[in-house]
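Participant: The structure under discussion is supplied below as structure tokens; questions concerning it will follow.
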Amino acid sequence: MTNLAVVFLTGLTTGGLSCLAVQGGLLASSVAVQAQDDFAHSSADSIAKNGSAKKHVALPIALFLASKLVAYTILGLLLGWVGSALALTPQLRAIVQIAIGIFMLGTALNILKVHPIFRYFNIEPPKRITRYVRRRSKHGDGRLITPIFLGALTVLIPCGITTAMMALAIGSGSPIAGALIMAAFIIGTSPVFFGLAYFATKLGERLHDKFLKLAGAVVLVLGLYAIEGGLNLAGSPVSFSVFVQSMASQRAASQQAANQVPTPATQDASGSSQQPSSAGTLNMIATSQAYSPQAIQAKAGQPYKLVIDSQSNRGCGRALVIPALNLQATLPETGQFVIDLPAQPAGTLRITCTMGMYNSRIQYK
Amino acid sequence: MTTQTFDVAGMNCTACVMHIEGLEDEVEGIESIDVNFKQQRMVVEYDDSKVTQQDIVQAVERVGYAATVQESE
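Chains as they are written, first to last, in my numbering: chain S, -9 to 355; chain A, 165 to 237.
In structure tokens form, the structure reads like this:
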């Protein structure tokens, strides 16, 4: 599963401010109805003394944000469902994920204003919708209904980072994961929205440009992360993790040659532990953190049983994929799972998860 | 009614588009504003007896962007 903490932090640090211009306007309109009512009944002095206006204003802000959270969570659910419907095969899922990564890179480069061509990655809702949302916000006639309505309507006017998160939700390929991604992001943005609306400062505008650059950098990294996952899922020999493994192998081999110390039977050249394969059985451990060992040695031309020991595995690592065999399996949270591997020629058989983030490989020699 | 195209600088995403288009409800005399984010420009339809090009440029500057009249128009 996508790291929800990263998504939350993206919302907390950059998403809130970068999306504040338009959605903050809707929020201000939500609050305005209540604020006007407060000021009609209280003097400015008494408000300053007992803070009653702030107390009243907090309610529409909270309603707006709660409504927005619900709307985006439902959106995430739908996007994840779309993603799950699209991801029929590991190859198709890999293509979708790489496309999402490219979209996120384009969004980031648009935010960073690298070249005008990246403006084409900006999604614009129909003008009729944006006009309707804007005018509805200025003519709010219900004290509590208006913030709820406007909070839900923000789903129609996502900004750059929000659309990147929506892409991530599609890429998750799961309604639950999609909903969690969007919820984590919106919860992350909420303190900024609440704080700025509550204290009504101009801090956001002053820091907006700096935060936009930070936001662009974060989306850039998320985009590269998605492409990396897609490449792994496609079983591509070219990816960042393959490069790192290759470098580690070379380093270990050169160290071994320099020291003239034989590699222990339980260590492969990359330094990751592996068990000797015997009696046609290969063993692998899957946890919430990783698949291990990173490399398993096997003989070419011999069929094996791959015994996977799943240990408190609650992440996307449960959804295991062997792209070359077009094989998908859902591992138990805890327990053993056995896959019959047909005889393979000499080479590498990649094992990954549906997001391409957990990786192992069987090296047939 | 007059139609004029302006180049707009400083837009980052859809939020900025909405921000500028919101001026059509705030500045008297502006009938409609159609912002094109990709081309970074806007087409404004306005009543020149109520509002001038300079007023429009200043209104755009007030919401945080820079607008200049396209000379080719």
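Note that the Cβ used here is the ideal one computed from N, Cα and C, for glycine as well.
All values reported here derive from a predicted model rather than from experimental measurement.
Can you pull the DSSP bridge partners for Asp211 (chain A)?
Facilitator: Stepping through the second sequence from its first residue, residue 211 (chain A) is reached at position 47. In the DSSP output, where bridge partners are listed per residue, Asp211 (chain A) has none listed.
Participant: So which residues of chain A does Val218 (chain S) contact, with C-beta pairs closer than 8 Å?
Facilitator: As a first step, residue 218 (chain S) is located in the first sequence; it is residue number 228 there, counting from the start. For the record, residue 218 (chain S) in the displayed sequence is Glu; it is not Val. Near Glu218 (chain S) there are no residues of chain A at all, since even the closest Cβ is about 25 Å away, more than 8 Å.
Participant: Less than 8 Å between CB atoms is the rule here; does Asp171 (chain A) satisfy it with respect to chain S?
Facilitator: The sequence position of residue 171 (chain A) within the second sequence is 7, counting from 1. It does not: the Cβ of Asp171 (chain A) has no partner Cβ on chain S nearer than 8 Å.
Participant: CB-CB under 7 Å to Val209 (chain S), same chain, minus the five flanking residues each way: which ones, in chain order?
Facilitator: Along the first sequence, read from residue 1 onward, the residue named residue 209 (chain S) stands at position 219. Once the five neighbours on either side are set aside, the close Cβ partners of Val209 (chain S) are Met94, Thr97, Ala98, Ile101, Ile151 and Ala154.
Participant: Could you tell me whether the Cβ of Ile92 (chain S) comes closer than 8 Å to any Cβ of chain A?
Facilitator: On the first sequence, residue 92 (chain S) is found 102 positions in, with the first residue counted as 1. False, the Cβ-Cβ gap to chain A never drops below 8 Å.
Participant: Find out if the Cβ-Cβ distance for the pair Arg166 (chain S), Gly70 (chain S) is shorter than 8 Å.
Facilitator: Taking the first sequence and counting its residues from 1, one reaches residue 166 (chain S) at position 176. Taking the first sequence and counting its residues from 1, one reaches residue 70 (chain S) at position 80. The question names Arg, but residue 166 (chain S) is Ile in the sequence shown. Their beta carbons are under 8 Å apart, which means Ile166 (chain S) touches Gly70 (chain S) by this criterion.
Participant: Please list the terminal residues of the continuous alpha helix (DSSP H) segment that includes Val228 (chain S).
Facilitator: Sequence index remark: in the first sequence, residue 228 (chain S) carries index 238 (1-based). It is not in any alpha helix (DSSP H) - Val228 (chain S) carries neither H nor E in the DSSP assignment.
Participant: Please list, in chain order, the chain S residues whose beta carbon lies closer than 7 Å to that of Gly193 (chain A).
Facilitator: Locating residue 193 (chain A) in the second sequence gives position 29, counting from the first residue. Neighbours of Gly193 (chain A) on chain S: none; closest Cβ ~18 Å, over 7 Å.
Participant: Give me the chain S residues within the contact set of Glu185 (chain A), using Cβ-Cβ distance strictly less than 9 Å, ordered along the chain.
Facilitator: The residue you call residue 185 (chain A) lines up with position 21 of the second sequence. Neighbours of Glu185 (chain A) on chain S, chain order: Lys117, Thr120, Arg121 and Arg124.
Participant: Can you pull the chain A residues whose beta carbon is under 9 Å from the beta carbon of Arg359 (chain S), in chain order?
Facilitator: Outside the shown range of chain S, which is -9 to 355, sits residue 359 (chain S), and nothing can be said about it.
Participant: With 16 other CB atoms within 10 Å as the buried threshold, where does Thr178 (chain A) fall?
Facilitator: As a first step, residue 178 (chain A) is located in the second sequence; it is residue number 14 there, counting from the start. Buried, since its Cβ has 16 or more Cβ neighbours within 10 Å.
Participant: Can you confirm whether the region 329 to 348 of chain S touches the region 210 to 224 of chain S when touching is taken to mean that 3 or more C-beta pairs between the two stretches lie within less than 8 Å?
Facilitator: These segments touch.
Participant: How would you list, in chain order, the residues of chain S whose beta-carbon sits under 7 Å from the beta-carbon of Asp219 (chain A)?
Facilitator: Sequence index remark: in the second sequence, residue 219 (chain A) carries index 55 (1-based). Ordered by position in chain S, no residue passes the 7 Å Cβ test against Asp219 (chain A), which lies about 21 Å from the chain.
Participant: When the Cα atoms are used, what is the spatial distance from Val181 (chain A) to Ala56 (chain S)?
Facilitator: In the second sequence, residue 181 (chain A) corresponds to position 17, counting from 1. In the first sequence, residue 56 (chain S) corresponds to position 66, counting from 1. In a straight line, the C-alpha of Val181 (chain A) is about 26 Å away from that of Ala56 (chain S).
Participant: How many Å lie between Ala75 (chain S) and Ser162 (chain S) at the Cα?
Facilitator: The residue given as residue 75 (chain S) occupies position 85 in the first sequence. The residue given as residue 162 (chain S) occupies position 172 in the first sequence. Cα to Cα, Ala75 (chain S) sits roughly 11 Å from Ser162 (chain S).
Participant: Beta-carbon within less than 8 Å of Gln87 (chain S)'s beta-carbon, same chain only, minus the 5 sequence neighbours each way: which residues are those?
Facilitator: Mapped onto the first sequence, residue 87 (chain S) falls at position 97. For Gln87 (chain S), where only same-chain residues beyond five positions count, the Cβ hits under 8 Å are Gly161, Ala216, Ile217, Gly219, Gly220, Leu223, Met345 and Gly346.
Participant: Going along the chain, which residues of its own chain have a beta-carbon closer than 8 Å to the beta-carbon of Met274 (chain S), five neighbours each way excluded?
Facilitator: Taking the first residue of the first sequence as position 1, residue 274 (chain S) is located at position 284. Correct list, in chain order: Tyr281, Ser282, Pro283, Ile286, Leu296, Val297, Ile298, Asp299, Ile341 and Ser350.
Participant: Suppose you measure from the CA of Gly6 (chain S) to the CA of Gly185 (chain S); what does that come to, to the nearest Å?
Facilitator: By 1-based counting over the first sequence, the position of residue 6 (chain S) is 16. By 1-based counting over the first sequence, the position of residue 185 (chain S) is 195. Near 10 Å, if we compare the C-alpha coordinates of Gly185 (chain S) and Gly6 (chain S).
Participant: When burial is assigned at 16 or more other CB atoms within 10 Å of the CB, is Arg118 (chain S) buried or exposed?
Facilitator: Here residue 118 (chain S) refers to the residue found at position 128 when the first sequence is read from its first residue. Label assigned to Arg118 (chain S): exposed.
Participant: Count the other CB atoms, across all protein chains shown, that sit within 10 Å of the CB of Gly213 (chain S); report buried if there are 16 or more and exposed otherwise.
Facilitator: Walking along the first sequence from the start, residue 213 (chain S) turns up at place 223. Buried.
Participant: Leaving out the 5 sequence neighbours to the left and right, which residues in its chain are closer than 6 Å to Asp212 (chain A) when beta-carbon positions are compared?
Facilitator: One-based indexing of the second sequence puts residue 212 (chain A) at position 48. Closer than 6 Å at Cβ, skipping near neighbours: Thr166.
Participant: With a 10 Å radius around its C-beta and 16 neighbouring C-beta atoms as the bar for buried, classify His105 (chain S) as buried or exposed.
Facilitator: Position 115 of the first sequence holds residue 105 (chain S). The residue is exposed, with fewer than 16 neighbouring Cβ atoms inside 10 Å.
Participant: Kindly indicate which three-state DSSP category Val104 (chain S) falls into: helix, strand or coil?
Facilitator: In the first sequence, counting from the first residue as 1, residue 104 (chain S) sits at position 114. Coil at Val104 (chain S), not helix or strand.
Participant: Do Phe170 (chain A) and Val227 (chain A) have their beta-carbon atoms positioned less than 8 Å apart in this structure?
Facilitator: Within the second sequence, residue 227 (chain A) is the residue found at index 63, counting from 1. Within the second sequence, residue 170 (chain A) is the residue found at index 6, counting from 1. No, these two residues do not count as a Cβ contact at 8 Å.
Participant: Taking Cβ positions, are Gly225 (chain S) and Pro332 (chain S) nearer each other than 8 Å?
Facilitator: By 1-based counting over the first sequence, the position of residue 225 (chain S) is 235. By 1-based counting over the first sequence, the position of residue 332 (chain S) is 342. Their beta carbons are not under 8 Å apart, which means Gly225 (chain S) does not touch Pro332 (chain S) by this criterion.
Participant: Classify Leu339 (chain S) as buried or exposed, calling it buried when 16 or more other Cβ atoms lie within 10 Å of its own Cβ.
Facilitator: For the purposes of this step, residue 339 (chain S) is identified with residue 349 of the first sequence, where counting begins at 1. Label assigned to Leu339 (chain S): buried.
Participant: So Arg351 (chain S) is in the beta strand (DSSP E); what residue range does that whole segment cover?
Facilitator: Your numbering for residue 351 (chain S) matches position 361 in the first sequence. Asn349 to Tyr354 is the span of the beta strand (DSSP E), which, as asked, contains Arg351 (chain S).
Participant: Excluding sequence positions up to five away, which residues of its chain have a Cβ less than 6 Å from the Cβ of Gln318 (chain S)?
Facilitator: The sequence position of residue 318 (chain S) within the first sequence is 328, counting from 1. Once the five neighbours on either side are set aside, the close Cβ partners of Gln318 (chain S) are Val311.
Participant: Distance cutoff 8 Å, beta carbons only. Does Asp211 (chain A) sit that close to anything in chain S?
Facilitator: On the second sequence, position 47 is the one that residue 211 (chain A) refers to. Judged by the 8 Å Cβ criterion, Asp211 (chain A) is not in contact with chain S.
Participant: Between which two residues does the alpha helix (DSSP H) harbouring Arg226 (chain A) extend?
Facilitator: Locating residue 226 (chain A) in the second sequence gives position 62, where the first residue counts as 1. Note, Arg226 (chain A): alpha helix (DSSP H), Gln217 to Arg226.
Participant: Looking at C-alpha atoms only, which residue of S:Arg124, S:Val(-3), S:Pro116 and S:Leu143 is the closest neighbour of Phe54 (chain S)?
Facilitator: Position 64 of the first sequence, counted from the start, is the residue given in the question as residue 54 (chain S). Of the listed residues, the one whose Cα sits closest to Phe54 (chain S) is S:Leu143.
Participant: For Leu339 (chain S), which three-state DSSP category applies?
Facilitator: As a position in the first sequence, residue 339 (chain S) is number 349, starting the count at 1. Strand, per DSSP.
Participant: Check each candidate in A:Tyr229, A:Glu235, A:Gln168 and A:Ala230 and name the one with the smallest Cα separation from Ile197 (chain A).
Facilitator: Along the second sequence, read from residue 1 onward, the residue named residue 197 (chain A) stands at position 33. When each option's Cα is compared against that of Ile197 (chain A), the closest is A:Gln168.
Participant: Return yes when the Cβ of Gly325 (chain S) is within less than 8 Å of the Cβ of Tyr294 (chain S), no when it is not.
Facilitator: Indexing the first sequence from 1 puts residue 294 (chain S) at position 304. Indexing the first sequence from 1 puts residue 325 (chain S) at position 335. No; because the gap between Cβ atoms is not below 8 Å, this pair is not in contact.
Participant: Is the shortest distance between the beta-carbon of Ile101 (chain S) and the beta-carbons of chain C less than 8 Å?
Facilitator: Among the protein chains in the structure shown, which are S and A, there is no chain C.
Participant: Using DSSP's beta-bridge definition, name the partner residues of Asp330 (chain S).
Facilitator: Walking along the first sequence from the start, residue 330 (chain S) turns up at place 340. Paired residues: S:Lys295.
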